[in-house]
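Data first, discussion second: the structure below is written as structure tokens.
In the working numbering, the protein residues as written are 7 to 176.
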């Protein structure tokens with residue numbers, strides 16, 4: 007399936023000079039969505055995750071059904087102030103600013119196998135920050151899964167040396 011044909015390009019969003027890759031057109035296509043979830047799950051199955059982490063908010067869309075298909079648990083990584091129990095937090099750089107992510111300290115038992123899933127990797131800041139949270143919680147990072155990767159931005163080079171699965175590269 008040609009997934010690129012289901013991604014809409016929006017120039018100058020969220021600011022001039024940025025070409026935004028909009029996945030809402032993929033999400034509304036039943037066959038495209040099913041193919042995306044099934045293919046990502048198949049490509050990540052050999053990593054044998056105990057848990058799949060999804061980052062707020064678009065990472066949730068893909069991580070939850072992948073966790074279901076792979077028989078793994080789902081752990082959310084959230085923006086500040088959204089989680090009710092004790093958390094670990096990390097601040098990180100974005101393409102245009104800084105942000106902060108949080109995860110429950112009791113997300114899993116130490117040594118659990120963890121796969122990080124998000125919709126898109128650009129500069130790698132969010133994925134790297136999430137990997138830092140996995141490390142803080144004692145998880146064993148087994149890989150990353152992205153629907154889209156903006157390879158020219160070099161985000162993959164910021165990540166730990168584990169497998170990276172991307173369905174679409176720009």
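Backbone N, C-alpha and C fix where the C-beta goes; we use that ideal spot for every residue, glycine too.
In this text, all values refer to a predicted model and were calculated from it rather than measured experimentally.
Based on DSSP bridge pairs, tell me the residues matched to residue i.
i, result
"residue 27", "15"
"residue 149", "121"
"residue 58", "80, 121"
"residue 127", "155"
Helix or strand or just coil, what does DSSP make of residue i?
i, result
"residue 38", "helix"
"residue 154", "strand"
"residue 7", "coil"
"residue 113", "coil"
"residue 21", "coil"
"residue 87", "coil"
Could you spell out where the beta strand (DSSP E) holding residue i opens and where it closes?
i, result
"residue 65", "Element bounds for residue 65: not the beta strand (DSSP E) but the alpha helix (DSSP H), 64-76."
"residue 171", "170-175"
"residue 103", "103-110"
"residue 95", "93-100"
Taking 6 Å as the cut-off, is the CB of residue i close to at least one heavy atom of the ligand ZN?
i, result
"residue 35", "The ligand ZN is not among the ligands present in this structure, which contains no ligands whatsoever."
Under the rule that 16 or more other beta-carbon atoms within 10 Å means buried, what is residue i, buried or exposed?
i, result
"residue 169", "exposed"
"residue 72", "buried"
"residue 108", "buried"
"residue 218", "The question about residue 218 has no answer here: the residues shown for the chain are numbered 7 through 176."
"residue 115", "exposed"
Out of the options, state which residue places its alpha-carbon closest to the alpha-carbon of residue i.
i, options, result
"residue 111", "127, 83, 54, 10", "83"
"residue 147", "53, 34, 163, 129", "53"
"residue 87", "14, 126, 99, 62", "62"
"residue 38", "10, 98, 121", "10"
"residue 123", "139, 65, 137", "65"
Ends of the alpha helix (DSSP H) at residue i?
i, result
"residue 136", "131-142"
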